[in-house]
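Beneath this line is the structure, given in structure tokens, with notes to follow.
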Amino acid sequence: MKTSIALQCMAACALGVLALPAFSHVSLETKTAPAGSSYKAVFQVGHGCQGSATTGIRVQLPAGFQGAQPYPKAGWTLAVQQEKLATPRDSHGKPVTHDVSVVSWAAAGKDAALQNAHFDEFTLRGKLPETAGPLWFKVLQTCESGSNDWSETPASGSSAKGLKSPAVLLEVSGPDAAAAAPMPAMAHAPGAHQH
Ligand SMILES: [Cu+2]
């Protein structure tokens, strides 16, 4: 099953690479952000599922991503799931025991579905953890026919190299790196795009 999805995506992405090198599969507009900052996550969807139009985007928020707020989208129905935190945190002197764990957008009708050849963005914001390191957003892309489960993460580190269906990576940089204006990660340079 995994193999067939990978092959499907390979075919889809080969086309994507020719047409729009920087906008294949699902990736973040801004791939690096400083620890502890407020971050606007713009998920860019570059293709559907083996040619089929996208009807749903479900984003699982990584631990440490706080207070997520989705941007509503015309034609799409929003849903938000909360989860009990393993460790409650403090917010303005009050304990926070639950937080948003999943945000999803579903096409409200056939007309709203994102055609395979088109491009769109799904946006949410939240506060980043105070510690630097990779944050992986697992994204389930559902389509009129089939789905792409962008959920693979490496055993360690932040390289998606060799992963067939990588989760979406945000590099959280330390205070030093933030001051030194980090280079945007080139995870989706034409040569690097592989499934
Ligand atoms: Cu792709």
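Okay, so the sequence shown: first residue is 204 according to the working numbering, each after it adds one.
Every residue gets a Cβ at the ideal spot worked out from N, C-alpha and C, and that includes glycine.
On a predicted model such as this, the values are computed, not experimentally measured, just so you know.
- Relative to ligand 1, the beta carbon of H321 is positioned no closer than 6 Å to any heavy atom.
- In the three-state reduction of the DSSP assignment, K341 falls in the strand class.
- In the structure shown, K234 adopts coil according to DSSP, grouped into three states.
- For the 7 Å CB-CB criterion, T356 and A310 do not form a contact.
- Take the alpha-carbon of E324 and the one of F246: they are about 5 Å apart.
- The alpha carbon of A370 has as its nearest neighbour, out of S348, S350, W339, the alpha carbon of W339.
- Cα atoms of V303 and K287: separation of roughly 9 Å, rounded to the nearest angstrom.
- In this model, A315 and K367 are separated by some 28 Å (Cα to Cα).
- DSSP places A244 within a strand segment (E or B) once states are collapsed to three.
- Contact annotation: the segment 225-242 touches the segment 317-332, with at least three C-beta pairs closer than 8 Å.
- The beta carbons of S255 and S362 sit no closer together than 7 Å.
- For P273, the uninterrupted beta strand (DSSP E) run begins and ends at 269-273, by DSSP.
- For H295, the shortest C-beta to heavy atom distance toward ligand 1 is 6 Å or greater.
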